[in-house]
Amino acid sequence: MKSWKGTLAALIITILVVAIAVPGFAGSSGLYEMSVFENPTTLNIFSATGPQSTVWNDFVASSQYYTSLYGLAQPYMTFVPSVAADMPSELKQEKIGGNTYYTSIVKMRKDIKWSNNTSLTADDVAFSYNAVLDMDPNKLGGNWPSIVDPTVLERVEKVDNYTVKFILKEKPGLAQWQYGVLQTYLLNKAYWEPVFAKAKKASDPVKELLAYEPIGEPAAGPFMFGKWEKGAFFQNVANPAYSMKGQITTFYEDGNVTIVNPKTGFKWQSSKPTGKVLLKVTEGPNVSGTLYRILGNQAAAVMSLIGGQVDFILNSLGLQRGFQEQLSQAQGVSTIENNVNGFRFMMFNLRKYPFNIKEFRQAISILIDREYICESVLQGIAFPQYSVVPPGNAFWYNPDAPQLGKGLTRTQKIEQAVKVLKKAGFSWEVEPEIDLKKDKLIKRGKGLIMPDGKKMPSFDFMVMTAGYDPLRYTFGLNIAQWAKDVGIPMEAAPTDFNVVSDKVFEEQDFDAALMGWSLTAYPDHMRWFFHSDQAGEGGFNPQGYTNPEFDKLADAFMAESDMDTARKQAFKLQEILSDELPYIVLFDTPIIEAYRSDRIEYPYTEILSGLQRYGALTSTVKLLK
Amino acid sequence: MRRYVFGRVGQVILTLLIYITLVYFLLQAMPGDITMMYLSNPKIPQAAREELRSQLGLDQSLFIQYVSYMKNFFRGELGVSFSQYPKPVWDILMEKLPRTFVLFLTANILSFYIGFVLGKVIAWRRGKIIDHAATVVGITFWTAFYPLLALVVIWIFAYNLKWLPLNQFIDPRLWTAAPFTANQVFGNMVCGAAIVAIGIFLIFFYLLRGLKPSRRSRVYAWSATAALIAAVVFVAVRKGMLIYIWDITRHMILPVLTLTLINFAGTMLLMRDSMLETVQEDYVLAARAKGLPDRVVRDRYAARTALLPTVTSLVLSLASSMSGGMVTETMFSWPGLGQTLFTAALANDYPLATGALAFTGIFLLIAHFIADILYAVLDPRITYTGQSGI
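Read top to bottom, the protein sequences are chains A and B. 215 is the number that our numbering gives to position 215 of the first sequence; each next residue is one higher, with no gaps. Positions in the second sequence are counted from 1; adding 625 to them yields our numbering.
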């Protein structure tokens, strides 16, 4: 008995000694290595854009393999042609088969090839749209109905090998057209057509299509699939036939952009550029491939970055603030901080009295000292925000929209809030008393009487639990305290995220809640969050805001195809929302990222929502060693 | 005995039914459903959400969903995952199982072995320094905050000393060119380890029996052991798999070490208590009186009987190897069944979460059943027939 136990012990000790003595495996040359925190789940673009549309699938696969007719040139997010040769023709009305449609012609580049060296032609483009429409974007689910919107797009026709015609059911606005339909990923018809044909014959075509595992699918993007060891890593290799390699995009001070591809001779410019060149970005890829290591937590990723196992930590939420200092002291590591395109906000259920009184919401907004919480309580890890369009989205942000209560002292805020409430007909059993000179609250308000003469009952303000989001939790507790100072009986109720979502969006049974949104570059969220047609169950206006003036302007904004006019409309929408306050915007946090500056170099690091937003710039990053 | 076994099988099936039902309804009781993920994008129309509900069967009543689930369950179908639609739950579980099983099985066997040996020794030397030291060390690790201990172990051995890999179960730099998948290698590791373990057991069982085995027997036993290990290594080399097995083994050391440090004290203390009772038995006294060496009395007389209570704990811990552990998997970036269950529950992926729990539940129930039967086999005093034992 003793002997076999001895054998086992000897074996274990031997393994330990040898494991320590033998070094790890050397780095693969030319690979850009990143850490991700979750497994990608599919290579199938229909799944990855459909029911499995996670950022991780997009990071490692979709955004790397596919291209589209148009795209947003980074870092300035300028709308530019990608596979298209120029901007789409003006939309015009046309009678086709007895129906009236809007049509637009898109001319394509002739120098774009798939990774199998065949040309990307009008057949591929028409197939990419028509196949999705044929399968029904709503059934494909996920993001499909928002990018191939069946309420807008009728079909796409091939005009010649490099020209397509879009036939649209209604005149689309910028959000649906330039920022929607025209940025759909393009598929290789020769590869996917038989797959579609087989799926159509199945009893459940959508399920059949979504279950398909694409092996050897040609890519038109900078990378192709390499290897995937589930749970451990995902590898892409550079697409040797990538047509845009070496293409130079130049951004000018006047907002113009030029694109030149010295290899193929392709040239495009938005209009004649003048003034200083802001930035030149040369398309790669400059690496032999990309390797995504799947790590379980941020601590592991940080140690891997410092240890040189990864070059960048790729996470849609960035890094926790606590790691920033550790990383800034590490040799060869640089940290980046960027604004994000989103906000966290509080909202009232405007179906309930007195939350539907604008002055009540204004008083609350005035009382909230965003700067105090962000700078003093949260030590600068969040920044105050007042508008539903974040300042980082500079083109669309209206700096002149009202910012209630900004710059006031504690007592000035109380004074102004009381004034606003009185104007709306509120009164108190015991009115709050303040000393403006000493900036001191002498007596808290008690027994707020509503304009209808009744005493305001206490109400719940659902905030996220400290474990889920300590920032929202902190804000929530402080807001409730400040409200109580003037006699508003608000009770902060830490609540699980799923419960908040359920109560707000499903049941619409709530008084007030603190939530957050991440946004896209085009600010059409203003329409979705505040239009009265979204106020029903399951809509995105669960607070029940209704304002015919706003609805009209939001509809016009959505239908607008001229950028300057749309901008003016967006500014006006922000003014209305800053006054009416269906959302009281509170704050957001910058995104913190880190990379090995001794090993890689990016063409730029200042970009809204950080490098992660664009997949860590895999096609433009350069390896230094 | 046969009647008892049939009765226990019936109980196992009934318990499983109740367990699955409870799991199913508890998961369904969570607020919201998977379609809430569409609420993050206002451009996704309500129609798409309704389509998804319909595809996943969420538009039907809870009772119909339950009946349909149970029908499929007893036909061996666990449905399709909601969050990875339309991937079958079974495929997802099978993808994670090998790496979970290898890690947790190794850790459980090792911690049991260390706990058993230490428990036996410290009970034999009750009140001596080794008793106090092992108890204090064991209890310290047993009560340690697990994620912190894991971080400390990683920080010392991987980050600072750089002796062992930082994270994950393989080194991607090696595996990008591998002709095997990790699961194939895990499968071969399990087979190889099983062959070696059974082989060594048989070798020592047949060659080193008796109180004083001959020198020749010892030489044969060790030579056969060496030959067996060499043969297994040779096969791995021929298959071109050795370097990959080696890579996985290196990556296993830190999680296994951490799990062992946390868990060995449980078995050790159980074994110690059991031994303390056994050493007072008359047959142990008789063995000593016969003049048998101390080691023989301890190992062959006292420890064999004292082992019985720890068998249940071993069998149950072996079964729980199937369920993995969320914290270990997260801390060591070793994604397995524990993490799958956790993320599935968070994402309202009922079929995947129910499937993962059912999978673990089945193994635990079977393990419980085996433990009961083993008791009767290992201890002749125990009988399930109602008659007194031998």
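Even glycine gets a Cβ: it sits at the ideal position worked out from N, Cα and C.
Against residue i, what residues of chain B qualify as contacts under a CB-to-CB distance less than 8 Å, listed in chain order?
| i | result |
| --- | --- |
| A/Ile294 | Gln793, Ser958, Pro960 |
| A/Glu606 | Here the premise fails: no neighbours, minimum Cβ distance about 26 Å. |
Which bits of chain A does residue i rub up against, with CB to CB less than 7 Å?
| i | result |
| --- | --- |
| B/Gln671 | Gly538 |
| B/Ala807 | Glu229, Ala232 |
Going by Cα to Cα distance, which pick from the options is closest to residue i?
| i | options | result |
| --- | --- | --- |
| A/Ser458 | A/Asp311, A/Ser128, A/Gly447 | A/Gly447 |
| A/Pro494 | A/Asn99, A/Ala394, A/Leu514 | A/Leu514 |
| A/Gln64 | A/Leu43, A/Ser532, A/Thr474, A/Ser316 | A/Leu43 |
| A/Leu367 | A/Trp482, A/Gly255, A/Ser334 | A/Trp482 |
| A/Gly539 | A/Leu553, A/Gly141, A/Phe529 | A/Phe529 |
| A/Leu608 | A/Lys503, A/Val340, A/Ala10, A/Gly544 | A/Val340 |
| A/Thr546 | A/Gln331, A/Thr118, A/Ser104, A/Leu577 | A/Leu577 |
| A/Ala521 | A/Phe461, A/Thr78, A/Tyr70 | A/Thr78 |
| A/Pro489 | A/Ile479, A/Tyr101, A/Lys110, A/Asp496 | A/Ile479 |
| B/Val648 | B/Val634, B/Ala996, B/Leu977, B/Ala759 | B/Leu977 |
| B/Gly865 | B/Phe699, B/Pro797, B/Ala802, B/Val821 | B/Ala802 |
| A/Asp551 | A/Val132, A/Glu537, A/His525, A/Asp564 | A/His525 |
| A/Pro451 | A/Ser427, A/Ile592, A/Gly173 | A/Ser427 |
| A/Thr620 | A/Gln612, A/Leu611, A/Tyr602, A/Gly610 | A/Tyr602 |
| A/Lys158 | A/Leu436, A/Thr14, A/Ile105 | A/Ile105 |
| A/Pro88 | A/Ser270, A/Phe223, A/Pro218 | A/Ser270 |
| A/Met563 | A/Ile147, A/Met135, A/Leu174, A/Gln52 | A/Leu174 |
| B/Phe984 | B/Thr760, B/Ala783, B/Ile873, B/Ala944 | B/Ala944 |
| A/Trp114 | A/Asp533, A/Asn356, A/Tyr242, A/Tyr292 | A/Tyr242 |
Give me the chain B residues within the contact set of residue i, using Cβ-Cβ distance strictly less than 9 Å, ordered along the chain.
| i | result |
| --- | --- |
| A/Glu529 | It should be noted that the sequence gives Phe, not Glu, for residue 529 of chain A. In chain order: Pro667. |
| A/Met34 | The premise fails here: A/Met34 is roughly 11 Å from chain B at the closest Cβ pair, so nothing lies under 9 Å. |
| A/Ser597 | Per Cβ cutoff of 9 Å: no residues; A/Ser597 is ~20 Å from chain B at best. |
| A/Pro214 | Result: empty, since nearest Cβ-Cβ is about 14 Å, beyond 9 Å. |
What residues match up with residue i in a beta bridge as DSSP calls it?
| i | result |
| --- | --- |
| A/Phe223 | A/Ala238 |
| A/Ala512 | A/Phe348, A/Phe461 |
| A/Asp588 | A/Phe383 |
| A/Phe79 | A/Leu72 |
| A/Gln93 | A/Tyr102 |
| A/Ser119 | A/Lys113 |
| A/Trp228 | A/Phe234 |
| A/Gly342 | A/Ser518 |
| A/Lys107 | A/Thr163 |
| A/Thr249 | A/Ile259, A/Val281 |
| A/Tyr595 | A/Phe312, A/Ser334 |
Output, in chain order, the set of chain A residues within a Cβ distance shorter than 9 Å of residue i.
| i | result |
| --- | --- |
| B/Gln709 | Thr41, Thr42, Ser47, Pro51, Gln52 |
| B/Glu720 | Lys230, Gly231 |
| B/Thr801 | Ser28, Leu31, Gly226, Lys227, Glu229, Phe233, Gln235, Gly289, Leu291 |
In chain A, what lies closer than 8 Å to residue i by C-beta?
| i | result |
| --- | --- |
| B/Tyr975 | Simply none; closest approach about 14 Å. |
| B/Arg724 | Gly231 |
Taking C-beta pairs closer than 7 Å, name the residues in chain B that residue i reaches, listed in chain order.
| i | result |
| --- | --- |
| A/Ser304 | Leu791, Asn792 |
| A/Ser501 | Gly657, Met661, Leu664 |
| A/Lys139 | Glu676 |
| A/Ser146 | Asn666, Lys668, Ile669 |
Uninterrupted alpha helix (DSSP H) stretches inside the region 425–495 of chain A (no shorter than 4 residues): Fully enclosed alpha helix (DSSP H) runs of 4 or longer: 470–485.
At least three beta-carbon pairs within less than 8 Å, the region 401–410 of chain A to the region 359–377 of chain A: yes
Validate contact between the region 313–327 of chain A and the region 649–658 of chain B using beta carbons, cut 8 Å, 3 pairs: no
Sufficient close CB pairs (3 or more, under 8 Å) joining the region 414–429 of chain A to the region 547–560 of chain A: no
Minimum length 3: unbroken beta strand (DSSP E) runs contained in the region 155–187 of chain A: 163–168
At least 3 beta-carbon pairs within less than 8 Å: the region 124–139 of chain A vs the region 187–198 of chain A: yes
Touching by the beta-carbon criterion (3+ pairs, under 8 Å), the region 763–775 of chain B and the region 973–987 of chain B: no
Segment contact flag, the region 256–267 of chain A with the region 838–849 of chain B, C-beta cutoff 8 Å, min 3 pairs: Taking a cut-off of 8 Å on C-beta distances, the region 256–267 of chain A does not touch the region 838–849 of chain B, as fewer than three cross pairs fall below it.
Start-end ranges of the beta strand (DSSP E) lying completely within the region 256–282 of chain A, minimum 3 residues: 257–261, 266–269, 277–282
Positions along the region 194–210 of chain A whose CB lies within less than 9 Å of some CB in chain E: The chain labelled as chain E is not found among the protein chains of the depicted structure, namely A and B.
Completely contained alpha helix (DSSP H) runs for the region 285–338 of chain A, where each covers 4 or more residues: The alpha helix (DSSP H) runs lying completely inside the region 285–338 of chain A and spanning 4 residues or more are 298–307, 321–328, given in chain order.
Given 8 Å, three or more beta-carbon pairs between the region 461–476 of chain A and the region 326–335 of chain A: no
Alpha helix (DSSP H) runs wholly inside the region 855–905 of chain B, at least 4 long, in chain order: 867–903
Segments assigned beta strand (DSSP E), at least 3 residues, entirely inside the region 704–757 of chain B: The region 704–757 of chain B contains no whole beta strand (DSSP E) run of 3 or more residues.
Stretch pair the region 207–225 of chain A + the region 45–59 of chain A: three plus CB contacts closer than 8 Å: yes
Three or more C-beta pairs below 8 Å linking the region 683–693 of chain B and the region 162–170 of chain A: no
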